[in-house]
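Working notes, beginning with the structure itself.
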Amino acid sequence: MSPIILTLKESPKVPLEAETVTPDAFLTMSNEQIRSSLVYHGKRHCRLDDFFDVTGEYSDHIEMHGDLHRVKLLGKSMSRGQLKVHGSVGMHLGADMRGGRIEVTGDAGDWIGAEMINGFIHVHGNGGGQIGAAYRGSLRGMKNGTIIVGGTAGLEVGMRMRRGTIVVGGKVRDFCGLQMKGGTIILMSGAEIRTGAWMVRGTILSLQPLPLMPTFVPSGHYNPSFIDLYARELRPHGISLPNSPSSGTWSRHCGDTSIPGKGEILIWNPALLT
Amino acid sequence: MTCTLGEVKNRADFIVYWGGNPAECHPRHFTKYTLMQKSKFLPRGRKDRTMILVDIRETKSGGAADIFLQIRPGKDFEVLTILRAILKGQHVNESSIAETGLTLEQMTDFIDRAKKSRFGCMFFGMGLSMTRGKHMNSAALLTLAAELNAFTKFVAMPMRGHGNVTGADVIMRWQTGFPFGITFNRGYPRYNPGEFSTVDVLVRGDTDAALILGADPGATMPQPAIDHLARIPTIVLDPKVTHTSRLARVHITTSVAGISAPGTAYRMDEIPLPLKPALKSPYPTDEEVVRRINEAVARKSHWMPADGPMTVLQH
Amino acid sequence: MIRITGGKIYDPANGINGQVRDLCIDGGKFVSSVIGGRTIDATGMIIFPGGVDVHTHVAGGSINFARAMTPEDHRRTTAFIRTQSRRSGLGGMAPTTFATGYLYAGMGWTTVNEAAVPVLSARHTHEELHDIPILDKSSLVLMANNEILLDLFEAGDFERAKDVVAWYIWAAKSYGVKAVNPGGVAAWKWGKDAKQLTDPIEGYNTITPGTIIGGLAQIIDELGLPHPMHLHCNNLGAPGNVWTTLETMKLLEGRRAHIAHLQYHAYGGDDWDTMRSASAEVAEYFNTHTNMTTDAGAVLFGDTVTITADGPWQHLLYKLTGRKWGNLDVENETGCGIVPYTYRPSNLVNSIQWAVGLELLLLINDPWRIFLSTDHPNGACFWRYPEIIQLLMSFDFRKECMTKLTPIARERITLPDIDREYTLYEIATITSAGPARALGLSQKGSLGIGADADVVIYEEEKDIAKMFSHPRYVLKGGEVVIEDGDIRATPEGREFIVKPSFNPDIENFLKPKFEDVYTMSFENYPVEMERVSHAEIRDCIDT
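Residue numbers (the working numbering), protein chains in the order written: chain P, 707 to 980; chain V, 465 to 779; chain W, 15 to 557.
Structure representation (structure tokens):
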């Protein structure tokens, strides 16, 4: 199946809500149907081709080109196929996603993979806040799947997540893993403050030292074997996790005791080179 | 968990002010509602109440407090979370407690007093809700108050800033379901603070016009937001010239609510108070201006397609 | 002018049971004949008087608190899109005001009674009621935990207590009195409760819940309020509370009373594990004591948000579920609690609750004395009423639903043994004629000459729930508001209020008390008449 290619021709002046852009929808649409599908430019109802040149049809493989930082809700609730964006995207990328793959070469706004159920999202640039999180008032964030952000990320990454994996290459801001209920967050470059606040269960791994809440209690050093499983799974994406006892150990901190929670934060301590 | 101010006046024997300076910002608060009042249940008034002030620096309110807890700036969330752990008899990492500016003894004492009280109340100000951590700081305090109800009666209440913020919040809730951070771009209310809240919309430049009512963002918002207000057509309704009206395209002078315009104001505890105007004003009320704008807009063709559905099932 | 021809009329207030008659409407009322105007051909259709909800929570501080607590529900619910003639809104567990009007009218209900208003925030409630389009409204003011009143009961000063109640009703521009967990909410303000009628009340020496209930019922009868005391009994929701309920009913002999959401007060057993339905005991007593009316407070499985002035119960629910909890105490008067909740058929307690609501509706044999309600939003949202109608009209459907219950639950209920099926005439009684009469609203719940022309016209349909969810036409005050599933007009509704007589000197007594216990000046307290939109003052009656 040859991909459907959307190239931005007219930059939106205010946010463009384009949840129609999913492999599920486009698989059953002719070129004309795709062109005429509804997008919201602010309050105006517009056609997709008011903003994009569209080639291709009947495919669950979508490629987008252009600076889409004002384009929201791309790949929302998608369950199959591929969405590849050459550029940056706005908020809610892959929110409520069920399956398939999303790849973005640039940055993405807040709420990447929010409340997603399954699937794979890779943002090579920076991500916003609330990655894989629960929307306000909702009790649970992502249920499963994997989100990888190459650059930095904002506030409340993985807030209330249930399962699944989030990996962030750059530094992460406050409240990473807030009220987390399960799953794994991997911080390649550490985080600012209040990591793991109010977490109930789940695991946060950090390769860099972290400032910890007083409600996390140290509980030893070890080299758990599950790290090797994650390392194997993430290697194809260019991420390497250390775990050999000769290169260092993980120090374990349990919390958040204010809940009281059974979460854990593991911080990598490289062995001193002698 | 909240209550009306009269409940505090009549019953509260344990009062906490957190990140607020009522002595200077809400001058009648102590005398009218909280500390000084005598009641059937607290016949000795001030003597029957314990007041704890929590702040990052000593303010004039400190003089009224029985206990002043000075915490390090930006440590509210940590302190509140530690208090929750102490309340549940859980461990805390003692080596990192010192960073908060308080000792374990001070925090244990706080919890002991709170548990022993018959009716506790925590007021929190913008020193809590507008500093690093923002809504999570408020959430931490509200959660602590909720959890204290396992031991005694405990409530919490925000001390808002100027203007009738509470009133806007109350009315938005009954008309749209949400207090703020709402978009109507699809013809029905959707909510997402951070995405649709005014300051974020302006900072990102996501709007192409602005109507400002009862606020002066030109004085209070971050510079990128102010710059955007200056770029787009901005309309201000205000009785006086404000920072915002100086950068706006249009300023409409309106009468002052409560002095020359009637209506209802909602107190911080959401109790509605009638505004009975004492003076006549040559200027129209905000309500009248908005109604006339609305009527003018209604004469234009509607922006929603006429053949659209009546309802939509969201997902 | 409108003529509706050929429809089968179900008008219990006038004893008409399915006969084909024409209805004529002029000036918002039914008249004997009209010349000209629109004709609606209702041949083969079913015609009811507009629905009347005797007990719901649609406006004011507590439902508005619930709205703030459930943004996740607003996001997945039905949204009403704004048009040039209609405001936008959201449905769901705690609908917004405009949507409340559209949803009620959309299923044929045209009058609602907001059952819990603290006087202190009555102004707020009226502002919200004004924003509920189409419906006519009334509201009940909360009195049974008012400390000024309790002090007067404690002092035995009945005459003054009566004046105080009358003054409060008029100050709130209210229609009647709601008594919630009498004495228990006052005790909750100290974190305590008062569960039994003879329990002492924290902070008082002589009075008990029993003395408050008896005193208030007498006051309301002597004032001649058109709607009797609207009582939310003590010990709500607790296993074994049937004894409290029966004691309360005995105490009320010789008085008029409306017992609210009876379902929550009809449980046997000693604790959550041994809880069972006690609807048979309650129904047996109720059937032989005609001084009372009640509403079901039925429960349906699914998500909802529970709100009630019963703070202690709500705290218990919060502890049981560990979910979000809001509590709001109002000075001197009352309190309220808010907890989102999901009723599940797999849960023993929920299953019993579901069954008890239906059992009461089926075992209480006089449809003029038990009315359809879910205590919206507590047992279920009001827009799910058609599901309950289907359950009442079809034994087979009930049997099918009961297969979802656990075997233990089926042993604790009597529903499987009840084969009664409601007729359309009885449905029209419990949804319209009965509640209108209990509210003392003679121009409602009737298709007779002179009554308000509130009519709902259904296309006959095998699927009962579908038929009652989607009326073909709804007329409010003679105006077609719903037609073919579309909202055609959104007129503003009226508010019914009463002005019971009181000695004006009572203000001299109240004023210093106010300075003591309230934080609002005495002059600001009463709601001004002009704040109530389209107010209609109803007469008090001789009882």
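Think of the CB as a built atom: it goes at the ideal place given N, C-alpha and C, for glycine as much as any other residue.
Counted as a single uninterrupted DSSP element, the alpha helix (DSSP H) harbouring D664 of chain V occupies residues T662 to R668.
Here M623 of chain V is buried, its C-beta having at least 16 other C-beta atoms within 10 Å. The beta carbon of R842 of chain P falls within 8 Å of a beta carbon belonging to chain W, placing the residue at that interface. Where I892 of chain P is concerned, the enclosing beta strand (DSSP E) starts and stops at T890 to L893.
Taking a Cβ-Cβ threshold of 8 Å, the residues of chain P close to T84 of chain W are G843, in chain order. Within the same chain, H959 come within 6 Å of P924 of chain P by CB-CB distance, once the 5 residues on both sides are set aside. As a beta-bridge residue in DSSP terms, E809 of chain P pairs with P:K790 and P:H828. Going by DSSP, K527 of chain W is part of the alpha helix (DSSP H) stretching over I520 to V531.
Close to M784 of chain P, with beta-carbon spacing below 9 Å, lies no residue of chain V; the smallest spacing is near 13 Å. Straight through space, the alpha carbons of E141 of chain W and A185 of chain W are spaced by roughly 15 Å. Runs of beta strand (DSSP E) with 3 or more residues, each lying fully within the region 944 to 970 of chain P, are found at 954 to 961, listed in chain order. Neighbourhood of Q98 of chain W in chain V, by CB distance below 8 Å: A762 and H766, in chain order.
In this structure, W:I226 is the residue among W:I432, W:D309 and W:I226 with its C-alpha nearest to the C-alpha of L156 of chain W. For the options W:G122, W:G74, W:V319 and W:A297, the alpha carbon positioned closest to that of N392 of chain W is the one of W:V319. At least 8 Å separates the CB of T124 of chain W from every CB of chain V.
In this structure, DSSP gives A294 of chain W a helical state, which the three-state scheme calls helix. Contact with chain V is absent for Y928 of chain P, since none of that chain's Cβ atoms lies less than 8 Å from the residue's Cβ. Judged by their CB atoms, G793 of chain P and D773 of chain P are nearer to each other than the 8 Å cut-off. For the pair Y746 of chain P and R650 of chain V, the CB atoms are nearer than the 8 Å cut-off. Listed in chain order, the alpha helix (DSSP H) elements of length 4 or more contained wholly in the region 468 to 525 of chain V are 469 to 475 and 486 to 489.
Judged by their CB atoms, L438 of chain W and P63 of chain W are not nearer to each other than the 8 Å cut-off. Between I478 of chain W and M407 of chain W the beta-carbon gap is near 5 Å, inside 8 Å, which marks them as a contact. When 9 Å is used as the limit between beta carbons, A93 of chain W is near these residues of chain V: R650, G651, Y652, P653, R654, T775, V776, L777 and Q778, in chain order.
At least one beta carbon of chain P lies nearer than 8 Å to the beta carbon of R89 of chain W. When beta bridges are read from the DSSP output, T356 of chain W appears opposite W:D317. A Cβ-Cβ contact shorter than 8 Å links L377 of chain W with A297 of chain W. The region 231 to 242 of chain W and the region 450 to 467 of chain W touch, with three or more beta-carbon pairs separated by less than 8 Å.
In terms of Cβ geometry, V863 of chain P and G781 of chain P do not form a close pair [threshold 8 Å]. Under the 8 Å Cβ criterion, the region 676 to 683 of chain V counts as touching the region 702 to 711 of chain V, having at least three qualifying pairs. In this structure, the straight-line span from the alpha carbon of R941 of chain P to that of L935 of chain P is close to 10 Å. Residues G902, A903, W904, M905, M919, T921, F922 and G969 of the same chain have their beta carbon placed closer than 7 Å to that of D962 of chain P, with the five preceding and five following residues left out of the count. Sequence-distant Cβ neighbours of I23 of chain W in its own chain, meaning closer than 8 Å and more than five residues away, are I30, G32, Q33, V34, R35, L37, I61 and L461. Listed as beta-bridge partners of P540 of chain W by DSSP are no residues whatsoever. If only uninterrupted alpha helix (DSSP H) runs of at least 4 residues are considered, those enclosed by the region 94 to 172 of chain W are 111 to 120, 136 to 144 and 161 to 169. With fewer than 16 other Cβ atoms from the protein chains shown falling within 10 Å of its own Cβ, V761 of chain V counts as exposed. Contact check for L893 of chain P and L861 of chain P: beta-carbon distance about 14 Å, past the 8 Å limit, so the pair fails to qualify.
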